[in-house]
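Below is one structure, written out as structure tokens; the observations come after it.
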């Protein structure tokens with residue numbers, strides 16, 4: 007028994023190590039590809055004045071490299087979660103729900119690593135000749151479009167081919183199924199990409215609306231025509247909390263990143279923020295007509311002090327703790343009231359049983375005395 011437990015722990019440790027290695031390798035690969043594409047763009051700009059034909063060829067080459075990076079990234083995000091789902095079977099978790107949670111957490115962390123590497127790479131290029139805001143928006147746009155081509159159209163086409171093979175050529179082939187957890191994580195990933203890119207790409211909301219519209223009907227076609235019903239019923243409540251946690255973590259990370267970009271990252275010499283050191287200066291001066299030195303400026307500077315921010319965070323944490331404690335107390339009160347109802351039901355059942363016993367005994371006693379009286383009269 008202890009040998010099997012040791013074996014299971016070793017397998018889980020090995021799979022976790024493989025996950026960390028694959029995630030780190032994915033991040034390094036994407037960073038290296040972005041660096042190579044970035045250097046190619048710089049070289050194309052430097053050689054622009056030499057020869058127009060050469061510059062056009064270089065531009066086409068760099069554009070192809072950028073698209074290839076998006077295809078490689080999206081392919082990794084499609085294939086590695088499948089590998090995680092396959093490997094989790096050998097970890098022998100006691101309940102299928104735990105296996106599902108482990109796979110979802112690993113997939114979500116992989117997607118976060120990809121987005122984080124993309125953002126960090128372009129933030130470190132703030133002093134380059136290229137417009138890093140435009141480049142970041144372009145990378146996000148390409149990832150969203152390649153996800154539509156590969157994760158939506160490509161996977162649906164593969165499911166259609168597999169379904170037709172099962173129906174006409176290979177009946178023993180397993181029919182494709184619709185993985186709700188994987189598709190939901192894909193939606194969260196697209197949502198995270200949208201949050202990251204809409205500030206730098208104004209038309210991205212329209213693109214996302216069109217993409218979600220197409221995704222819904224393409225997936226609907228695939229489910230109705232290609233996929234077979236799952237062997238086990240899916241309960242939305244068993245993963246709803248985890249999906250909300252993933253969404254909250256992604257949104258919080260994006261908001262923190264935006265706060266850092268707006269207040270600490272130097273703007274480039276292009277776009278609407280040129281001429282200012284930081285983005286928030288342009289926003290305050292042009293949008294709110296706030297100049298340095300007036301009362302509202304001092305109030306904003308006061309709000310951005312570390313002590314004030316820490317105080318607000320502590321107040322929010324205290325509020326969350328209070329609400330959590332209040333919720334726990336209400337849950338305990340519900341349990342107490344439920345136990346009281348059960349006790350009252352048991353008491354009522356006991357009283358009815360005793361009442362039935364005494365009533366039945368009295369009736370039988372009256373009936374016996376009546377029979378004895380009739381027997382005496384007969385004699």
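In the working numbering, the protein residues as written are 7 to 385. Glycine residues also receive a C-beta, built at the ideal position from the N, C-alpha and C atoms.
Unbroken alpha helix (DSSP H) run spanning residue i, endpoints
i           : result
residue 169 : 161-174
residue 148 : 138-153
residue 287 : 285-288
residue 232 : Neither: residue 232 is in no alpha helix (DSSP H) and is coded neither H nor E.
residue 271 : No alpha helix (DSSP H) holds residue 271; DSSP gives it neither H nor E.
residue 117 : 102-129
residue 6   : The displayed coordinates of the chain run from 7 to 385. Any statement about residue 6 would go beyond what the structure contains.
residue 301 : 301-309
Neighbourhood of residue i by C-beta distance below 8 Å, restricted to the same chain and skipping five residues each side
i           : result
residue 308 : 314
residue 171 : 179
residue 105 : 94, 95, 97, 99
Cβ shell of residue i (< 6 Å), same chain only, five flanking positions each side left out
i           : result
residue 252 : 114, 194
residue 143 : 203, 206, 207
residue 221 : 158
Environment of residue i [buried if 16+ CB atoms lie within 10 Å]
i           : result
residue 15  : exposed
residue 153 : buried
residue 182 : buried
residue 330 : exposed
residue 389 : In the structure as shown, the chain starts at 7 and stops at 385, and residue 389 therefore has no counterpart that could be examined.
residue 333 : exposed
residue 31  : exposed
residue 215 : exposed
residue 326 : exposed
residue 174 : exposed
Within 7 Å, strictly: CB atoms of residue i and residue j
i           : j           : result
residue 259 : residue 162 : no
residue 120 : residue 80  : no
residue 274 : residue 138 : yes
residue 21  : residue 97  : yes
residue 2   : residue 198 : As displayed, the chain neither begins before 7 nor continues past 385, which places residue 2 out of reach and without an answer.
residue 149 : residue 76  : yes
residue 36  : residue 123 : yes
residue 28  : residue 127 : no
Cβ-based neighbour list, residue i, same chain, cut-off 7 Å, excluding 5 preceding and 5 following
i           : result
residue 202 : 121, 125, 146, 260
residue 232 : 165, 166, 169, 182
Chain D within 7 Å of residue i, Cβ atoms only
i          : result
residue 78 : Here chain D cannot be found, since the structure has a single protein chain.
Any non-hydrogen atom of the ligand FAD closer than 6 Å to residue i Cβ
i           : result
residue 363 : No copy of the ligand FAD occurs in the structure displayed, which carries no ligand at all.
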